[in-house]
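Asker: As they're listed, the protein sequences go chains H and L.
With the working numbering, the residue at position 449 of the first sequence is 716, and numbering never jumps.
With the working numbering, the residue at position 6 of the second sequence is 273, and numbering never jumps.
Dropping the structure in here first, questions after.
There are 2 protein chains.
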Amino acid sequence: MADAVLREPAAPAGLPDSPGTHKVVIVGGGFGGLAAAQAIVRRKTADRSIHVTLIDRNNHNLFQPLLYQVATAALGSNDIALPIRAVFRNRRGVEIMMADVTGIDRGRRMVELAGLAPVAYDTLVLATGSIYSWFGHDDWVARAPALKTLDDALGLRNRLLDAFERAELCDDPAETRRLLTFVVVGAGPTGVEMAGAIAELAHTTLDRDFRRIRPSTSRIVLCDAGPHVLAAFPRRLSDYAARRLQSLGIELRLGAGVEAIDAGGVTAGGERIEAECVFWAAGTEATPVAKWLGVEAGHHGLVAVQPDCSLPGDPAIFVIGDAASLAGPDGRPLPGLGAVAKQQGTYVGRLIAERLRTAGGRGSAAPAKPFRYRNWGQLAMVGGSSAVADFGWLRLTGFAAWLVWSAVHLMLLVSARSRVVVYVNWVWAWLTYSRGARVITRLPPSDRPGARA
Amino acid sequence: MADAVLREPAAPAGLPDSPGTHKVVIVGGGFGGLAAAQAIVRRKTADRSIHVTLIDRNNHNLFQPLLYQVATAALGSNDIALPIRAVFRNRRGVEIMMADVTGIDRGRRMVELAGLAPVAYDTLVLATGSIYSWFGHDDWVARAPALKTLDDALGLRNRLLDAFERAELCDDPAETRRLLTFVVVGAGPTGVEMAGAIAELAHTTLDRDFRRIRPSTSRIVLCDAGPHVLAAFPRRLSDYAARRLQSLGIELRLGAGVEAIDAGGVTAGGERIEAECVFWAAGTEATPVAKWLGVEAGHHGLVAVQPDCSLPGDPAIFVIGDAASLAGPDGRPLPGLGAVAKQQGTYVGRLIAERLRTAGGRGSAAPAKPFRYRNWGQLAMVGGSSAVADFGWLRLTGFAAWLVWSAVHLMLLVSARSRVVVYVNWVWAWLTYSRGARVITRLPPSDRPGARA
Numbered sequence: 268m269a270d271a272v273l274r275e276p277a278a279p280a281g282l283p284d285s286p287g288t289h290k291v292v293i294v295g296g297g298f299g300g301l302a303a304a305q306a307i308v309r310r311k312t313a314d315r316s317i318h319v320t321l322i323d324r325n326n327h328n329l330f331q332p333l334l335y336q337v338a339t340a341a342l343g344s345n346d347i348a349l350p351i352r353a354v355f356r357n358r359r360g361v362e363i364m365m366a367d368v369t370g371i372d373r374g375r376r377m378v379e380l381a382g383l384a385p386v387a388y389d390t391l392v393l394a395t396g397s398i399y400s401w402f403g404h405d406d407w408v409a410r411a412p413a414l415k416t417l418d419d420a421l422g423l424r425n426r427l428l429d430a431f432e433r434a435e436l437c438d439d440p441a442e443t444r445r446l447l448t449f450v451v452v453g454a455g456p457t458g459v460e461m462a463g464a465i466a467e468l469a470h471t472t473l474d475r476d477f478r479r480i481r482p483s484t485s486r487i488v489l490c491d492a493g494p495h496v497l498a499a500f501p502r503r504l505s506d507y508a509a510r511r512l513q514s515l516g517i518e519l520r521l522g523a524g525v526e527a528i529d530a531g532g533v534t535a536g537g538e539r540i541e542a543e544c545v546f547w548a549a550g551t552e553a554t555p556v557a558k559w560l561g562v563e564a565g566h567h568g569l570v571a572v573q574p575d576c577s578l579p580g581d582p583a584i585f586v587i588g589d590a591a592s593l594a595g596p597d598g599r600p601l602p603g604l605g606a607v608a609k610q611q612g613t614y615v616g617r618l619i620a621e622r623l624r625t626a627g628g629r630g631s632a633a634p635a636k637p638f639r640y641r642n643w644g645q646l647a648m649v650g651g652s653s654a655v656a657d658f659g660w661l662r663l664t665g666f667a668a669w670l671v672w673s674a675v676h677l678m679l680l681v682s683a684r685s686r687v688v689v690y691v692n693w694v695w696a697w698l699t700y701s702r703g704a705r706v707i708t709r710l711p712p713s714d715r716p717g718a719r720a
Numbered sequence: 268m269a270d271a272v273l274r275e276p277a278a279p280a281g282l283p284d285s286p287g288t289h290k291v292v293i294v295g296g297g298f299g300g301l302a303a304a305q306a307i308v309r310r311k312t313a314d315r316s317i318h319v320t321l322i323d324r325n326n327h328n329l330f331q332p333l334l335y336q337v338a339t340a341a342l343g344s345n346d347i348a349l350p351i352r353a354v355f356r357n358r359r360g361v362e363i364m365m366a367d368v369t370g371i372d373r374g375r376r377m378v379e380l381a382g383l384a385p386v387a388y389d390t391l392v393l394a395t396g397s398i399y400s401w402f403g404h405d406d407w408v409a410r411a412p413a414l415k416t417l418d419d420a421l422g423l424r425n426r427l428l429d430a431f432e433r434a435e436l437c438d439d440p441a442e443t444r445r446l447l448t449f450v451v452v453g454a455g456p457t458g459v460e461m462a463g464a465i466a467e468l469a470h471t472t473l474d475r476d477f478r479r480i481r482p483s484t485s486r487i488v489l490c491d492a493g494p495h496v497l498a499a500f501p502r503r504l505s506d507y508a509a510r511r512l513q514s515l516g517i518e519l520r521l522g523a524g525v526e527a528i529d530a531g532g533v534t535a536g537g538e539r540i541e542a543e544c545v546f547w548a549a550g551t552e553a554t555p556v557a558k559w560l561g562v563e564a565g566h567h568g569l570v571a572v573q574p575d576c577s578l579p580g581d582p583a584i585f586v587i588g589d590a591a592s593l594a595g596p597d598g599r600p601l602p603g604l605g606a607v608a609k610q611q612g613t614y615v616g617r618l619i620a621e622r623l624r625t626a627g628g629r630g631s632a633a634p635a636k637p638f639r640y641r642n643w644g645q646l647a648m649v650g651g652s653s654a655v656a657d658f659g660w661l662r663l664t665g666f667a668a669w670l671v672w673s674a675v676h677l678m679l680l681v682s683a684r685s686r687v688v689v690y691v692n693w694v695w696a697w698l699t700y701s702r703g704a705r706v707i708t709r710l711p712p713s714d715r716p717g718a719r720a
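Dropping the structure here:
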């Protein structure tokens, strides 16, 4: 596969020969896009100026691994979001656009935007990530919301806390039971972390807050079509996680694919579960990048890329992160982790800067080394003060893994202010078993009457 | 006026004679309602049990004085909100209901709720506060949102930050100008603080974040129908605030009542101001308490109360805080401050506990002393690191007042966690001129196209 790279020209024909500005457009301000922009501005050479345009539909970079803590009222929404403009405020060569991409005109080298003039590129980096997929069941989207954006997290939190409030006021025992049943669909890291956090919220934090209901009697059900929780982890860790989740009182339904989701609850693996709150953490698919590019989409809509992350046949376009499909050294596709996206972003940013340096006439045109993923391991919280950590050479479970999990996530937070605030919130929660963010910011429009008290 | 109190029976005829539980219902979980509930549970006597039901449409107590900092991206929404249940989690005699009150049946002593069975009371405390009033212009409500709830604050923040984003992408100079014009209607403390915070955001925090626009050229206009800013403050402080606001580049339009608000902007005092963002901080009125009680509403819908905060002719009902009208020792009505509501809540809570103690047969039935407001002064921020403080005997302006302002507000925050987090955010902002919370949580539904990048 390295051969394919060696055959790529070091300074592709597509790059403009004029000594003017080279326009790099990056779509997506997640781990991948941000890393690419940072790598370019750090490597920018004096003899050739690069202009970077970073386009995202949101104004912030979101630290997805902690999003479930916003949804379960442990953290505030601002603690894990960083305004993208703040990252590049002192880099005059980087421009941020908050806009929606609608397509790509590869012939004219233009990125098309909703309601705005298209933006021209010389090099394009697509780092648009993945979106949740409800397996074609459009009617499930509203009933079983997923966790991808800040707005999702605040919506989930409102829904979760509101269920307890409504149960407290409910006279019908069956309806109370239904309100206090929480179903999480999908037992990957997000689903496991959500289920664990809901269990902690219900069984510990909220238990003394109510007078008529006992939140500790809440049912939390985690279902997955596959036979294991955390299927991407080694079996030993996966089994530990399953035992740990059960000890937290979470009911596991493995091998139980979801058959129906309606206003009353869920049917999974033939079993009917009456539940008010159903959260979706199952399938994801790539954003419509393949459609934009006019290439064939692979499994889950992913775009297959060359070992240097460029599009086959078009070295001016890179696809990185969750939107791209690239095999690791073992031949298996790289996982959809922030770490992969970040490393690919840094790799591609350096590659672009290097191409321009050599194209500018200084130095020799060395062929690009293929991207190599450095596996820093994977982590997942499993309730309270417990986690699983897989570093390949080292596998941890329980409290030790949780300590590693906490340290790694604090380190990975982009802003120092976030680190301090998240740390304060965690220490506080750990000391007091309390969750400061259990605030319902707005009432679900359909559920509550409109009269103003 | 004290005579009116002396004529009130100490243990009113309305109180039940049975030795059963005395039911106190408190409507509103703001400063007043929370203080009343806390005073009752602290004074609860052993020989007579009291059951307190606190009803609020939100699940949290909101620290209103810092709400403008959430709206202007200095603080997160959870930093100033405290779950009401968390305050009373260890008080079994206090029950919280998240519900909407629709009316009061004084004959049957019932509080009527939307979609729920009514709740019976022996003693009722109404602490429902005030709501904004657009002087009957219903079409202004959506165009010029006000700042009362967390949801309002997040909506205002989204609107404010989105205006800068849209200006950056705008090709039409007149429209760019309009997007970068911010009008605040009403020059009381909230309006002055909003205008000052917007000026700081535009002129300092955001200035280097954009490439095509210069946020420092934003117009911020503060208009008021009256001749002075901060009219409730002594003239010297009011004049200082006006000079300070002008030095921050804020255009004052005093004596300029608003005549029209439409999608394009505002007309005030005969002048047309094209502006995208218009924020309302003008008239307030009481919640519909007078209507619920079937009594005549006074000025701004307030309910006139006896010197012991009870309703004339019905000693089982108290109205406190912004919903009540009561004259101070100087004969002027008490101001609509959190401090007044809090002191009235504590006073009424103690009075209720005392009444029951004496009604229970222990001790003598001493007549209730009238409520006396202890004036701890009033404070307002006027931009950056400057404030005005009026303690009667001491009047401060500028940095000294700001230090007092900061200390007082940190102290008044209900939870210790909030204190730490708010302090970290403030120190951070002060050191870095940055605002960590400038995150757009969701896109305004009507303004932006729906395509997903």
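Glycine residues also receive a C-beta, built at the ideal position from the N, C-alpha and C atoms.
Using a Cβ-Cβ cutoff of less than 6 Å, which residues in the same chain neighbour Ala430/H once the five nearest sequence positions on both sides are dropped?
Answerer: Excluding positions up to five away in sequence, the list reads Leu446, Glu543, Cys544.
Asker: For Phe500/H, which of helix, strand or coil comes out of DSSP?
Answerer: Coil, per DSSP.
Asker: Any Cβ of chain H within less than 9 Å of the Cβ of Trp695/L?
Answerer: With 9 Å as the cut-off, Trp695/L counts as an interface residue toward chain H.
Asker: Would you tell me roughly how many angstroms separate the C-alpha atoms of Asn310/H and Ala608/H, rounded to the nearest one?
Answerer: The sequence as given places Arg at residue 310/H; Asn does not occur at that position. The straight-line gap from Cα to Cα measures roughly 19 Å.
Asker: Alpha carbon to alpha carbon, what distance is there between Val354/L and Leu604/L?
Answerer: Each residue's alpha carbon lies about 22 Å from the other.
Asker: Output, in chain order, the set of chain H residues within a Cβ distance shorter than 8 Å of Ser483/L.
Answerer: Here the premise fails: no neighbours, minimum Cβ distance about 13 Å.
Asker: Short of 9 Å Cβ to Cβ, which residues in the stretch 475-499 of chain H face chain L?
Answerer: Within the stretch 475-499 of chain H, the qualifying residues are Arg475, Asp476, Phe477, Arg478, Arg479.
Asker: My understanding is that Gly343/L touches Asp346/H, with C-beta atoms under 8 Å, so please give their C-beta distance in whole angstroms.
Answerer: Confirmed, Cβ separation roughly 7 Å.
Asker: Does Asn642/L have its Cβ less than 9 Å from a Cβ in chain C?
Answerer: The structure shown contains no chain C; its protein chains are H and L.
Asker: Using the beta-carbon count (16 or more within 10 Å), is Ala387/H buried or exposed?
Answerer: Exposed, because fewer than 16 other Cβ atoms sit within 10 Å of the Cβ of Ala387/H.
Asker: In whole angstroms, give me the CA-to-CA distance for Gly628/L and His289/L.
Answerer: At Gly628/L, the pLDDT of 43 sits below 50, so the modelled position is not reliable; the number obtained from the coordinates is stated separately. Approximately 15 Å between the Cα atoms of the pair.
Asker: For the candidate residues Arg684/L, Val562/L, Gly382/L, whose alpha-carbon lies nearest to that of Ala696/H?
Answerer: Of the candidates Arg684/L, Val562/L, Gly382/L, the one whose C-alpha sits nearest the C-alpha of Ala696/H is Arg684/L.
Asker: List the residues that DSSP assigns as beta-bridge partners of Glu435/L.
Answerer: Per DSSP, none; premise fails for Glu435/L.
Asker: Give a yes or no on whether 9 Å exceeds the smallest Cβ distance from Arg715/H to chain L.
Answerer: Note on Arg715/H: pLDDT 35, under 50, position unreliable in the model; the coordinate value appears next. True, the Cβ-Cβ gap to chain L drops below 9 Å.
Asker: Report buried or exposed for Ser653/H, applying the criterion of at least 16 other Cβ atoms within 10 angstroms of its Cβ.
Answerer: By the neighbour-count rule (16 or more Cβ atoms within 10 Å), Ser653/H is buried.
Asker: What's the gap between the Cα of Asn357/L and the Cα of Leu436/H?
Answerer: Cα-Cα distance, rounded: 19 Å.
Asker: Applying the 10 Å Cβ sphere with the 16-neighbour rule, what's the burial state of Thr472/L?
Answerer: Buried: at least 16 other Cβ atoms inside 10 Å.
Asker: Ignore the nearest five residues each way along the sequence and tell me which others in Gly370/L's own chain have a CB closer than 6 Å to its CB.
Answerer: Glu379, Trp559.
Asker: Are the CB atoms of Gln645/L and Ala635/L nearer to each other than 9 Å?
Answerer: No, Cβ-Cβ distance for Gln645/L and Ala635/L is not below 9 Å.
Asker: Quick check on the DSSP output: the alpha helix (DSSP H) that includes Phe666/L runs from which residue to which?
Answerer: Counting along the chain, the alpha helix (DSSP H) containing Phe666/L begins and ends at 665-679.
Asker: With a cut-off of 8 Å, do at least 3 Cβ pairs link the stretch 293-306 of chain L to the stretch 389-409 of chain L?
Answerer: Taking 8 Å as the limit for Cβ pairs, the verdict is that the stretch 389-409 of chain L does touch the stretch 293-306 of chain L.
Asker: List the whole-angstrom C-beta distance separating Val556/H from Phe585/H, where the pair is believed to meet the contact cut-off of C-beta under 8 Å.
Answerer: No, Val556/H and Phe585/H are not in contact; Cβ-Cβ is about 11 Å, not under 8 Å.
Asker: Using only the alpha-carbon positions, how far apart do Leu515/H and Leu468/H sit?
Answerer: Approximately 11 Å, taken between the alpha carbons.
Asker: Give me the residue from Gly595/L, Phe449/L, Arg475/L with the minimum Cα distance to Gly463/L.
Answerer: Measuring from the Cα of Gly463/L, the nearest candidate turns out to be Phe449/L.
Asker: Using three-state DSSP, classify Thr484/L as helix, strand or coil.
Answerer: Of the three classes helix, strand and coil, the one that applies to Thr484/L here is helix, per DSSP.
Asker: Give a yes or no on whether 9 Å exceeds the smallest Cβ distance from Leu473/H to chain L.
Answerer: Chain L contact via Cβ: present.
Asker: Applying the criterion that 16 or more other CB atoms from any shown protein chain within 10 Å of the CB defines a buried residue, is Gly659/H buried or exposed?
Answerer: With fewer than 16 Cβ atoms within 10 Å of its Cβ, Gly659/H is classed as exposed.
Asker: Just to confirm my understanding: we take Glu621/H, look at its own chain, exclude 5 residues before and 5 after, and list those with CB closer than 6 Å. What are they?
Answerer: Taken in chain order, the list of residues that qualify is empty.
Asker: Taking only beta-carbon positions, decide if Leu670/H is within less than 9 Å of chain L.
Answerer: No, no contact with chain L.
Asker: Taking a Cβ distance cut-off of 7 Å, strictly less, list which residues of the stretch 405-434 of chain L are near chain H, in chain order.
Answerer: If the cut-off is 7 Å between Cβ atoms, the stretch 405-434 of chain L has Leu417, Asp418, Leu421, Leu428, Glu432 near chain H.
Asker: Measure how close the beta-carbons of Ala302/H and Thr613/H come, nearest whole angstrom, since I'm counting them as under 8 Å.
Answerer: The pair is a contact, with the Cβ atoms about 5 Å apart (cut-off 8 Å).
Asker: In chain H, which residues lie with their C-beta within 7 Å of the C-beta of Met365/L?
Answerer: Result: Glu432.
Asker: What is the DSSP secondary structure of Thr443/H, reduced to helix, strand or coil?
Answerer: Three-state DSSP puts Thr443/H in a helix.
Asker: My parser needs the alpha helix (DSSP H) runs of 4 or more residues fully inside the stretch 323-379 of chain H; what are they?
Answerer: List check, alpha helix (DSSP H) in window: 334-338, 351-354.
Asker: By Cβ distance below 8 Å, which residues in the same chain neighbour Ile707/L in space, the five residues on each side in sequence not counted?
Answerer: Cβ neighbours of Ile707/L beyond the five flanking positions: Arg424, Asn425, Leu428, Asp429, Glu432.
Asker: What does Asp506/L reach in chain H if we use C-beta pairs closer than 8 Å?
Answerer: What Asp506/L touches in chain H: nothing, since even the nearest Cβ is about 36 Å away.
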